[in-house]
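Enquirer: Dropping the structure in here first, questions after.
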Amino acid sequence: MEAAFGSGDGDEEATAVVAKSQASLGQIFEQKYRPWDGELGPRWMRNYAIFRHHVYGVFTGKGHRQYHPMVRLLILIIFLASLTPIPMLFLSSFIGDEGGFFEKMWGINRYNLWGQVLGYFPRNLCMWPLLTAVVVGGMISDDRQHGTSAIYFSRPISRLDYTSMKYLSVAVILGFVIVFSYFAYYTSAIVFKSEGWAYLADTLPIFLGGMLAGIVLVITYTSIGLALSSISQSRFFAAIGFLSIIYGTKLVALLVELQFGTTFMYATSPYDCLAHMGQFLLGIPSNYEHPVSISIVSLMVMNSVSIWLLVSRVTSLEVTRE
Amino acid sequence: MSEVDPFSEAPVITAKGLRKMYGPHLALDDIDLEIPRGAVGILGPNGAGKSTLFKCLLGLITTTSGEGSVLGLDIRTQGEQIRSKIGYMPEYNALDPNLFAVDQVRYSGELLGMNSKNATQRAHEVLEYVGLKDQRYRKIETFSTGMLQATKLACALVHDPDILICDEPTNGLDQRARGFMLQTLNRTVREGNRSVLMSSHVMDDVQDLCDSIVMIHKGRIVVQSSIEDLVQQVDKEIEMVIWGGASKMESELSSMGLENRRLGRVIRIKVESETTVDKALEAAVSAGVQVRQMKEYEPDLEDIFLLVMDKLGAQIKGTEDLMTSEHTGGD
Chain A
540 MEAAFGSGDG DEEATAVVAK SQASLGQIFE QKYRPWDGEL GPRWMRNYAI
590 FRHHVYGVFT GKGHRQYHPM VRLLILIIFL ASLTPIPMLF LSSFIGDEGG
640 FFEKMWGINR YNLWGQVLGY FPRNLCMWPL LTAVVVGGMI SDDRQHGTSA
690 IYFSRPISRL DYTSMKYLSV AVILGFVIVF SYFAYYTSAI VFKSEGWAYL
740 ADTLPIFLGG MLAGIVLVIT YTSIGLALSS ISQSRFFAAI GFLSIIYGTK
790 LVALLVELQF GTTFMYATSP YDCLAHMGQF LLGIPSNYEH PVSISIVSLM
840 VMNSVSIWLL VSRVTSLEVT RE
Chain B
272 MSEVDPFSEA PVITAKGLRK MYGPHLALDD IDLEIPRGAV GILGPNGAGK
322 STLFKCLLGL ITTTSGEGSV LGLDIRTQGE QIRSKIGYMP EYNALDPNLF
372 AVDQVRYSGE LLGMNSKNAT QRAHEVLEYV GLKDQRYRKI ETFSTGMLQA
422 TKLACALVHD PDILICDEPT NGLDQRARGF MLQTLNRTVR EGNRSVLMSS
472 HVMDDVQDLC DSIVMIHKGR IVVQSSIEDL VQQVDKEIEM VIWGGASKME
522 SELSSMGLEN RRLGRVIRIK VESETTVDKA LEAAVSAGVQ VRQMKEYEPD
572 LEDIFLLVMD KLGAQIKGTE DLMTSEHTGG D
């Protein structure tokens, strides 16, 4: 045994360590132009690329538009919070609370369906405006800040495609949380309570009224949010601007009502116009003295002005310099 | 209009009587243009109309009057098709700092209509071509200016365009990065057989890469020719490096009727006849100065530019007068 305690000193088997005659030199950079003869896809593929870039970014942090991890966490929390009536419905059906507290609070009725979309606390105080602010904040302002609009407009992307795909991306994210959670709430109630066709026929018109109100809410918030994003170069400004409009108009209208006893100022508040219209669509008593037509006209004006602002600002986005 | 084969000898870009007005301001005035295949430099002071010309060629803005075509496609009605065949590398930053380089280039390809798989594969290829193979998976916000320029070039090349429009491609680059950028563009022209339209304030860059130039001044094209032809038109000069009394030498030359221009110790004398060299040496003897070097001066693009601007009466003494603080990096 020579290994540990042998008498030899190992010289008889000595081998010199020398460099290999062909040492590895790594890969030498060779610049070579490679042509590409593929076919470019049609307009819908280009538009889908914009849509996917913005929507997939919510789900994955790699390869698509980046949403801050805290933003993604907030979106998840808001989404889960919007689904909270579902476990309560389950609990209600599990304990057999027919006509009891749980049924009143979370069961399907006009007031609860309205509240799922348009209730002020917590949905329109904490959830939907925050959701819109974080999603819409950098949607166009990032392009202004980083000059990335040139990437779009130097390619066969029209300003209409650019604007509509950005709009659709925001609307789909908001719609997924707001409208989908509403839909899930309604269908869960039917499943948990084992309701039949008669129940469906009774409640479907109310449900559709609420869904229409939800869609108008998504459209209005998207229009206002994107308009603010298009006039700024910072995510923060657009987000804060949106929250200021939603909360500010509501607060001013409330103060005017308390001081002068009139609800007309609520026509300037996007939330209250939506809530008023929602009450009309779902057939519940109105909280407002002024006619619902004023709120509907006000919503139309808000959307028109926002879209006009959005279009005019996108038209001014430059290719050669920003 | 029928499409032009990008590999034929026909001009890739043409314009006739092109005018563009922004309100009362005339940005492009009666532009007649025929840009051949290969590398072409677009020169002109700030505000001359280069960017407006690019926007017209990309079909992004409507022209006030006149007509034009890019690869046989009408710039007034076929802007989208033109932009599918052109790669545009903007001067200013146009990259999302939060994306990896490979994702930015892939997205640029997808915006042209490439499917995701093709765009990804092509993104890897072009990033390797522009020298960013090892930086593909780095966030753009960590890139140096040279790497940003290379990424913009990769975005422009992702669909292998017939024409590449580069707006100040060497802007802000150090000597090494500048050399590599010019080499890459040169290879794209010579090896890839593509056309490059490059605007630059740096005459050396244009001279290194381009075969011909288009010079724009106040919205009008003042020069449109090959560099070789232009060099022939510039007066021949001899260049002398003088030691010990350059100003005395200058006045001596002037008194002998020799037209000259002085740049410190270097004096360039216009060659008017075969006796000019002898006369210059006589002047040196009379002035009592040492002639350290004497050679025939080869005019470069800078001289051509100065000559043209001189004829136009512009208040521009050299290319540095074209630079803004954005080009020079401020004070």
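Those sequence lines, one after another, are chains A and B. Counting in my numbering, the first sequence runs from 540 upward without gaps. Counting in my numbering, the second sequence runs from 272 upward without gaps. Glycine included, every Cβ here is placed at the ideal spot set by N, Cα and C. Please read these numbers as outputs of a predicted model, since none were measured by experiment.
#1: Under DSSP, the beta strand (DSSP E) around V311/B begins and ends at which residues?
#2: Can you find at least 3 beta carbon pairs, one from the stretch 687-695 of chain A and one from the stretch 600-615 of chain A, that sit closer than 8 angstroms?
#3: Within the continuous beta strand (DSSP E) that includes W514/B, where are the two ends?
#4: At 9 angstroms on the CB atoms, spell out the chain B contacts of A814/A, in chain order.
#5: Please work out which residues of its chain come closer than 7 angstroms, Cβ to Cβ, to S497/B, disregarding the five sequence neighbours upstream and downstream, and give them in chain order.
#6: Sorted by chain position, which residues of the same chain lie with C-beta nearer than 7 angstroms to V597/A's C-beta, five sequence neighbours on each side aside?
#7: Flag this pair as yes or no: are the beta carbons of A672/A and A778/A separated by less than 8 angstroms?
#8: Quick check on the DSSP output: the beta strand (DSSP E) that includes V537/B runs from which residue to which?
#9: Given A710/A, which residues of its chain have a CB within under 6 angstroms of its CB, disregarding the five upstream and five downstream residues?
#10: If you draw a straight line from the C-alpha of T801/A to the C-alpha of S834/A, how long is it?
#11: Once the 5 residues before and after M841/A are set aside, which same chain residues still bring their CB inside 8 angstroms of it?
#12: Determine the extent of the beta strand (DSSP E) in which R532/B is found, giving its start and end residues.
#13: Touching or not, the stretch 671-686 of chain A and the stretch 314-322 of chain B, by the rule of three or more beta carbon pairs under 8 angstroms?
#14: State yes or no: is the beta carbon of K326/B nearer than 8 angstroms to at least one beta carbon in chain A?
#15: Throw me the rounded Cβ distance for the C426/B and V467/B pair, which I believe falls under 8 angstroms.
#16: From Q655/A to F641/A, what does the alpha carbon distance come to, in whole angstroms?
#17: Flag this pair as touching only if the stretch 507-525 of chain B and the stretch 563-579 of chain B have three or more C-beta atom pairs under 8 angstroms; answer yes or no.
#18: Does DSSP classify T801/A as helix, strand or coil?
#19: I want to know whether the stretch 390-409 of chain B touches the stretch 352-359 of chain B - three or more CB-CB distances under 8 angstroms.
#20: In chain B, which residues lie with their C-beta within 8 angstroms of the C-beta of R585/A?
#21: For the putative contact between I353/B and G384/B, defined by C-beta atoms under 8 angstroms, what is the C-beta separation to the nearest angstrom?
#22: Within 10 Å of its beta-carbon, does Y659/A have 16 or more other beta-carbons around it, so buried, or fewer, so exposed?
#23: Excluding the five sequence neighbours on either side, which residues of its own chain have a C-beta within less than 6 angstroms of the C-beta of K507/B, listed in chain order?
#24: Determine the burial state of P668/A: buried for a count of at least 16 other Cβ atoms within 10 Å of its Cβ, exposed for fewer.
#25: Alpha carbon to alpha carbon, what distance is there between S845/A and E768/A?
#26: If we require 4 or more residues per run, which alpha helix (DSSP H) segments fall completely within the stretch 760-820 of chain A?
#27: With H, G and I counted as helix, E and B as strand and the rest as coil, what does DSSP make of S596/B?
#28: Determine the chain A residues that contact D433/B at a beta-carbon separation under 9 angstroms, and present them in chain order.
#29: How many Å lie between V594/A and Y701/A at the Cα?
#30: Could one say the Cβ of R694/A lies closer than 8 angstroms to chain E's Cβ atoms, at least one of them?
#31: Pairs of beta-carbons, one from the stretch 543-553 of chain B and one from the stretch 523-535 of chain B, closer than 8 angstroms: are there three or more?
#32: For a contact meaning CB atoms closer than 8 angstroms, what does C426/B contact in chain A?
#33: Looking at V341/B and K394/B, is the spacing between their C-beta atoms short of 8 angstroms?
#34: Check for me: the alpha helix (DSSP H) holding A558/B runs from which residue to which?
#35: Counting contacts by CB-CB distance shorter than 8 angstroms, is P809/A in contact with chain B?
#36: Could you tell me the distance, in whole angstroms, from the CA atom of E462/B to the CA atom of K571/A?
Expert: Let's see:
#1: On the second sequence, residue 311/B is found 40 positions in, with the first residue counted as 1. Element bounds for V311/B: A310 to L314.
#2: no
#3: Along the second sequence, read from residue 1 onward, the residue named residue 514/B stands at position 243. First-last of the beta strand (DSSP E) with W514/B: E508 to W514.
#4: For this step, residue 814/A is matched to residue 275 along the first sequence. Ordered by position in chain B, no residue passes the 9 angstroms Cβ test against A814/A, which lies about 37 angstroms from the chain.
#5: Looking up residue 497/B in the second sequence gives position 226. Within the same chain, S497/B has close Cβ partners D482 and S483.
#6: Along the first sequence, read from residue 1 onward, the residue named residue 597/A stands at position 58. Here the set comprises Y606, R611, I614 and I712.
#7: Locating residue 672/A in the first sequence gives position 133, where the first residue counts as 1. Locating residue 778/A in the first sequence gives position 239, where the first residue counts as 1. It is a contact, given that the beta carbons lie within the stated cut-off.
#8: By one-based count along the second sequence, residue 537/B stands at place 266. Start and end: V537 to K541.
#9: In the first sequence, counting from the first residue as 1, residue 710/A sits at position 171. Correct list, in chain order: V757 and T761.
#10: Residue mapping note: residue 801/A aligns to position 262 of the first sequence, counting from 1. Residue mapping note: residue 834/A aligns to position 295 of the first sequence, counting from 1. Using only the alpha carbons, I get a separation of about 14 angstroms.
#11: Residue 841/A sits at position 302 when you count from the first residue of the first sequence. So the list reads T759, S762, I763, P809 and C812, once near-sequence residues are dropped.
#12: Position 261 of the second sequence, counted from the start, is the residue given in the question as residue 532/B. Here the beta strand (DSSP E) through R532/B covers N531 to L534.
#13: no
#14: Reading the second sequence from its first residue, position 55 is the one you call residue 326/B. Yes, K326/B lies at the interface with chain A (some Cβ there is under 8 angstroms from its Cβ).
#15: Taking the second sequence and counting its residues from 1, one reaches residue 426/B at position 155. Taking the second sequence and counting its residues from 1, one reaches residue 467/B at position 196. 15 angstroms between Cβ atoms; not a contact.
#16: The residue labelled residue 655/A in the question sits at position 116 within the first sequence. The residue labelled residue 641/A in the question sits at position 102 within the first sequence. Cα-Cα distance, rounded: 15 angstroms.
#17: yes
#18: Residue numbering aside, residue 801/A sits at position 262 when the first sequence is read from its first letter. In the structure shown, T801/A sits in coil (DSSP, three-state: anything other than H, G, I, E or B).
#19: no
#20: In the first sequence, counting from the first residue as 1, residue 585/A sits at position 46. Within 8 angstroms Cβ-Cβ: E381, L382, L383 and G384.
#21: Taking the first residue of the second sequence as 1, we reach residue 353/B at position 82. Taking the first residue of the second sequence as 1, we reach residue 384/B at position 113. In fact, because the Cβ distance is near 14 angstroms, the residues do not count as touching under 8 angstroms.
#22: For the purposes of this step, residue 659/A is identified with residue 120 of the first sequence, where counting begins at 1. Exposed: under 16 other Cβ atoms inside 10 Å.
#23: What you label residue 507/B is simply residue 236 of the second sequence in a count that begins at 1. Closer than 6 angstroms at the Cβ level, and outside the excluded window around K507/B, lie V542.
#24: Against the first sequence, residue 668/A aligns to sequence position 129. That one is buried.
#25: What you label residue 768/A is simply residue 229 of the first sequence in a count that begins at 1. What you label residue 845/A is simply residue 306 of the first sequence in a count that begins at 1. It is Ser, not Glu, that sits at residue 768/A in the sequence shown. Each residue's alpha carbon lies about 11 angstroms from the other.
#26: 774-799
#27: Locating residue 596/B in the second sequence gives position 325, counting from the first residue. Here the model assigns S596/B a pLDDT of 49, short of 50, so the residue's position is not dependable and the matter cannot be decided.
#28: Position 162 of the second sequence, counting from 1, holds the residue named residue 433/B. None at all; the shortest Cβ gap to chain A is about 11 angstroms.
#29: Against the first sequence, residue 594/A aligns to sequence position 55. Against the first sequence, residue 701/A aligns to sequence position 162. Answer to the nearest angstrom: the Cα atoms are 14 angstroms apart.
#30: Of the protein chains in this structure, namely A and B, none is chain E.
#31: yes
#32: The sequence position of residue 426/B within the second sequence is 155, counting from 1. Neighbours of C426/B on chain A, chain order: I690.
#33: Locating residue 394/B in the second sequence gives position 123, counting from the first residue. Locating residue 341/B in the second sequence gives position 70, counting from the first residue. Inspection of the sequence shows that residue 394/B is occupied by Ala rather than by Lys. Cβ atoms of A394/B and V341/B: not closer than 8 angstroms.
#34: Along the second sequence, read from residue 1 onward, the residue named residue 558/B stands at position 287. Residues T547 to A558.
#35: Along the first sequence, read from residue 1 onward, the residue named residue 809/A stands at position 270. Chain B contact via Cβ: absent.
#36: Within the second sequence, residue 462/B is the residue found at index 191, counting from 1. Within the first sequence, residue 571/A is the residue found at index 32, counting from 1. Using only the alpha carbons, I get a separation of about 8 angstroms.
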